[in-house]
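Have a look at the structure below before the remarks.
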Amino acid sequence: MMSSDHPPPLPDQHKPPTTVRRLIVEVIEARDLLPKDGQGSSSPYVVADFDGQKRRTSTVERNLNPVWNEALQFVVSDPKTMEFEELNVEVFNDKKLSNGNARKNHFLGRVKLYGSQFAKRGEEGLVYFTLEKKSVFSWIRGDLGLKIYYYDEMVEEEQQQPPPPQEQQLPPQPPQEQPQGPEEVMKKPVLVVMEEPPPMPLPNHTPMEPREHSPPLVRIHEPPPENGPPPENVPPPEFSPDVRRMQMGGNGMNGPMGGERVKVMRRPSNGDYSPRIISGKFAGDGSERIPAFDLVEPMQYLFVRIVKARGLSQNENPHVKIRTSGHFVRSKPATVPPGSDPANPEWHQVFALGYNKETAANSTLEISVWDGPSEKFLGGVCFDLSDVPVRDPPDSPLAPQWYHLEGGAGEDQNRVSGDLQLSVWIGTQADDAFPESWSSDAPQPFVSYTRPKVYQSPKLWYLRVTVIEAQDLHIIPNLPPLTAPEIRVKGQLGFQSVRTRRGSMSHHTSAFHWNEDLIFVAGEPLEDSLILLVEDRTGKDPVLLGHVLIPVGSIEQRLDDRHVAAKWYGLEGEPGGGGSYCGRLHLRMCLEGGYHVLDEAAHICSDFRPTAKQLWKPAVGVLELGILGARGLLPMKSKGNGKGSTDAYCVAKYGKKWVRTRTVTDNFDPRWNEQYTWQVYDPCTVLTVGVFDNWRMFAEAGEEKPDCRIGKVRVRVSTLDSNKVYMNSYPLMVLSRSGLKKMGEIELAVRFACPSLLPDTCGIYGQPLLPRMHYIRPLGVAQQEALRGAATRMVAAWLARSEPPLGPEVVRYMLDADSHSWSMRKSKANWFRIVAVLAWAVGLAKWLDHIRRWRNPVTTEFGTIGSSQKYQQAWMLNSLKWIRLIQTNWTRNSTRSQVQDRLRSFGSDMIGCGYWQQGFKQCWVILQLRVKESKP
1 MMSSDHPPPL PDQHKPPTTV RRLIVEVIEA RDLLPKDGQG SSSPYVVADF
51 DGQKRRTSTV ERNLNPVWNE ALQFVVSDPK TMEFEELNVE VFNDKKLSNG
101 NARKNHFLGR VKLYGSQFAK RGEEGLVYFT LEKKSVFSWI RGDLGLKIYY
151 YDEMVEEEQQ QPPPPQEQQL PPQPPQEQPQ GPEEVMKKPV LVVMEEPPPM
201 PLPNHTPMEP REHSPPLVRI HEPPPENGPP PENVPPPEFS PDVRRMQMGG
251 NGMNGPMGGE RVKVMRRPSN GDYSPRIISG KFAGDGSERI PAFDLVEPMQ
301 YLFVRIVKAR GLSQNENPHV KIRTSGHFVR SKPATVPPGS DPANPEWHQV
351 FALGYNKETA ANSTLEISVW DGPSEKFLGG VCFDLSDVPV RDPPDSPLAP
401 QWYHLEGGAG EDQNRVSGDL QLSVWIGTQA DDAFPESWSS DAPQPFVSYT
451 RPKVYQSPKL WYLRVTVIEA QDLHIIPNLP PLTAPEIRVK GQLGFQSVRT
501 RRGSMSHHTS AFHWNEDLIF VAGEPLEDSL ILLVEDRTGK DPVLLGHVLI
551 PVGSIEQRLD DRHVAAKWYG LEGEPGGGGS YCGRLHLRMC LEGGYHVLDE
601 AAHICSDFRP TAKQLWKPAV GVLELGILGA RGLLPMKSKG NGKGSTDAYC
651 VAKYGKKWVR TRTVTDNFDP RWNEQYTWQV YDPCTVLTVG VFDNWRMFAE
701 AGEEKPDCRI GKVRVRVSTL DSNKVYMNSY PLMVLSRSGL KKMGEIELAV
751 RFACPSLLPD TCGIYGQPLL PRMHYIRPLG VAQQEALRGA ATRMVAAWLA
801 RSEPPLGPEV VRYMLDADSH SWSMRKSKAN WFRIVAVLAW AVGLAKWLDH
851 IRRWRNPVTT EFGTIGSSQK YQQAWMLNSL KWIRLIQTNW TRNSTRSQVQ
901 DRLRSFGSDM IGCGYWQQGF KQCWVILQLR VKESKP
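Going by UniProt numbering, 20 is the number at position 20 of the sequence shown; the sequence numbering is gapless.
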């Protein structure tokens, strides 16, 4: 029982700690800014804006390459939507330090980033972003170096605790007797606001008078609204929170720890109990929801999920059989958890059976449990397919239920006992259970090779190793006179091996110099080690002088062309030699994040993003692909009796994402009707779709049966109109030894959804195709092709470890790994392309040759005439002399028709060249010659 002299204690207001995400933008420096102060310089400062929060750096006076090294901190309001938030970083010139009376701060450039480019703390790097223009007429230059990262921290809300009881029992003192010292001045009142549930309204509520030591209760009534009549004799309801104001220190009434309690009564509004619109992604947009599978035909399936059983009769290894009018499947053997009763086996298996509403109207579904070794019937359940419910996404999965097992007409009912937990529903290929379901047409031992799957390529890096020099090497003595040792450095990373050229030896020291770059392809997780071997190849057999082992995960990562510090590494002898000192090697190593590791040819590449996520631009659209089916496929394998079969599946690749459809067995016209989506970061990319015949599902344990290629199709995204569906049938062509052969046709539905066509999407066409580092420090053609081959092998090895595996032959065919190999067909096609390009030059050469050889005399004569009037007059006089010669000689030795034809052609040529008067004269000569007689 509490004493009435003390107020009741306050409830515990401790709240659990909350997680707050903070974004840190470190403004390091800027380079090569534009002078804007009128004195050939600028006084820049940086303003960052994120989610309505603005932060500003200090101003660096008169410096075009300022250095700040300042960190700007922001609070992320919603971590789930951080990747869609924008970060605007702008650089300005301070007008206060400019020459003249500037009205505003001059704009020096900006950087626009998105949340998808932010890195976690510890993974950030210094990135130099090129400053962008604000408008077309802006004059901007320079780079801005930033470090951007985020982290999560736990924050506990501090609450004001009630005063101790001994302090509350102090007697109050009047205010005039208390001296006001400096300590009392520093004490300020603390306001604590606490939310309490509203009490039930009482009709005759009378406030209790406060006790001697309780704070007085003050009631404040809100005035009525101006536009309404004042209420009369209406008791104020108690629907408002309490506001307790506790003043630390003496107040003259309640002692030094006294306080005043204020209760504010507010009038409830009708809006508190009415429906309200919540803010969200789909609130008020008025758009209709697009179905998830709107590009393909819906295919209905009968789904049966077998979970577990209980109370079964005595058995050893039970299994479940599912039978309909057109399908029969058998489950895998049951498993019994450790420590469980053998009568309670578990399966956790889903089956997808083809369903036709018309034929299944009067059909039944039989689910029975059988003992494995003896095939003894343990009970079953029957369902009428007309009563099976239909589930459409995004509905939640159907909850399984217990069904009592029943025996047949001729079965002993005493042997049948127990219950079976299962669920049955009708759905489509959009169901969540479809990818992991067992199909009725798939061979049961190899069902894992027939399911649809989504794969992801590994993240690849370029590893650059600059071999500078080596010192203190133990060179083999007694070399022949005037013979310099041939020292080379060999680098190995996995299956990759690269060797430097011959090192040059210094005259003053015994050091060897190379200054040569060795580039490898490294894949995440960076668990491999780089091995560098120093070899002496002076003799016939190479001699190992030392080696060094460097973990790839310890190598520094860089995102641009900044300088990386070189380090000395000690060389060790052979692994069995005790690791003695054999010299040292000077190396500069870094993982290049500014390059895009090409695993496809550049003209058919599906992704050009650099390795570092901080350099990624936001997506410009979504690419949707509907794989409908194939028509007229040729038989790829023989199944006996002179019949062929094809077990076809599709593989689509775009960017880092690979998709694989299910395998439709023994069908020349398979129907897949599966739909997939990709994020598009650059429309100048290509989508590749290939069709293969599944051989791996028939391979025995330890046997390798590669899948056969049927053909592939490429679709260039830049040729697709935005938000338009293309449904086409593409021929599948394969180049065999006998020539190009058509293997069938594939039906695809493609749509490129691009919400913002201008100006972001169109601006991509004006940017370089590859990332910036490919142009700053370009790679050679032969080197790039070798690195592409290594990247292809790494991707193939990574996808081969999946379940089901995506074979190396599939990956190599999709990536065109053999495109560099020689082919007669490709050689002929390239030759005809070259001839077509040079056809105009060949035609011009032939025309000039005809002029030189007087094949066309008129053209030759016109080609020798100059453009001046002097040469034109001389040519006209020569032409008149020639005409007189024709009249005297040709008319004597030629017939009349020959003379007329010659003069007519000459006269028409002169008219066509602009000499009208001479042309008409020649025509008059022709008319005169008609009346003359010549020799027959």
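We put the CB at the ideal spot given by N, CA and C, even for glycine.
Just so it is clear, the structure is predicted and the values come from calculations on it, not from any experiment.
Only counting the same chain, and skipping five residues up and downstream in sequence, which positions put a Cβ closer than 6 Å to that of residue i?
i	result
Arg-121	Tyr-149 and Tyr-151
Arg-55	Ala-48 and Leu-72
Gly-145	Ile-28, Glu-29, Leu-126 and Tyr-128
Ala-119	Tyr-149 and Gln-614
Cys-590	Arg-464, Glu-556, Arg-558 and Val-564
Ser-325	Ser-363
Leu-687	Tyr-654 and Val-715
Gly-711	Val-691, Leu-732, Met-733, Val-734 and Met-743
Buried or exposed for residue i, please, with buried defined as at least 16 other CB atoms from any protein chain shown within 10 angstroms of its CB.
i	result
Ile-834	exposed
Glu-592	buried
Ala-796	buried
Ala-841	exposed
Asp-387	exposed
Arg-110	buried
Ser-423	buried
Pro-683	buried
Ser-738	exposed
Lys-104	exposed
Leu-479	exposed
Gly-763	exposed
Gln-496	buried
His-348	exposed
residue 939	This structure leaves residue 939 out entirely; the chain is present only between 1 and 936.
Asn-93	buried
Cys-754	buried
Gly-271	Interpretation of Gly-271 is limited by its pLDDT of 46, a score under 50 that renders its predicted location unreliable; no figure is taken from the coordinates.
Met-814	buried
Whole angstroms is fine: what's the gap from residue i's alpha carbon to residue j's?
i	j	result
Thr-661	Phe-752	21 Å
Leu-97	Glu-124	34 Å
Lys-639	Gly-807	23 Å
His-547	Arg-777	29 Å
His-850	Ala-652	56 Å
His-513	Gln-784	25 Å
Gly-494	Pro-485	29 Å
Glu-132	Ile-475	55 Å
Ala-433	Leu-405	25 Å
Asp-669	Ala-648	9 Å
Ala-790	His-774	18 Å
Met-636	Lys-321	32 Å
Asp-285	Val-20	The predicted position of Asp-285 is uncertain, since its pLDDT is 42 and thus under 50; a value taken from the coordinates is nonetheless stated next. So the two alpha carbons sit approximately 30 Å from each other.
Val-46	Val-89	7 Å
Val-454	Ser-504	51 Å
Glu-358	Gln-429	19 Å
Arg-211	Ser-396	The predicted model places Arg-211 with a pLDDT of 41, which falls under 50 and marks its position as unreliable, so this point remains unresolved.
Ser-554	His-596	21 Å
Thr-646	Trp-672	14 Å
Gln-314	Glu-83	57 Å
Excluding the 5 residues flanking residue i on each side, which residues of the same chain have their C-beta closer than 7 Å to its C-beta?
i	result
Asp-384	Thr-364
Met-794	Pro-458, Leu-460, Val-521 and Gly-523
Ser-448	Glu-803 and Pro-804
Glu-704	none
Would you grab the beta carbon distance between residue i and residue j for me? Rounded to a whole angstrom, and I think it's under 8 Å.
i	j	result
Val-564	Glu-516	Rounded, the Cβ-Cβ distance is 16 Å, inconsistent with contact.
Val-689	Ile-746	7 Å
Gln-421	Pro-400	5 Å
Looking at the ligand MG, does it come within less than 6 Å of residue i, judged from the CB to the closest heavy atom?
i	result
Asn-356	The ligand MG is absent from the structure shown, which contains no ligands of any kind.
Check whether the Cβ of residue i lies closer than 7 Å to any Cβ atom in chain C.
i	result
Arg-537	Although the question refers to chain C, the structure presented lacks it and comprises just one protein chain.
- prompt: What runs of the beta strand (DSSP E), each 3 residues or longer, lie entirely inside the UniProt domain "C2" (604 to 730)?
  reply: Runs of the beta strand (DSSP E) inside the UniProt domain "C2" (604 to 730): 621 to 631, 637 to 640, 643 to 645, 648 to 654, 657 to 660, 671 to 680, 686 to 693 and 708 to 716.
message: List, from N- to C-terminal side, the beta strand (DSSP E) runs of 3 residues or more that fit wholly inside the region 330 to 364.
response: Those beta strand (DSSP E) runs which fall completely within the region 330 to 364 and span 3+ residues are 346 to 354.
4-residue-minimum alpha helix (DSSP H) runs that sit fully inside the UniProt domain "C2" (4 to 128), ordered along the chain: The UniProt domain "C2" (4 to 128) contains no whole alpha helix (DSSP H) run of 4 or more residues.
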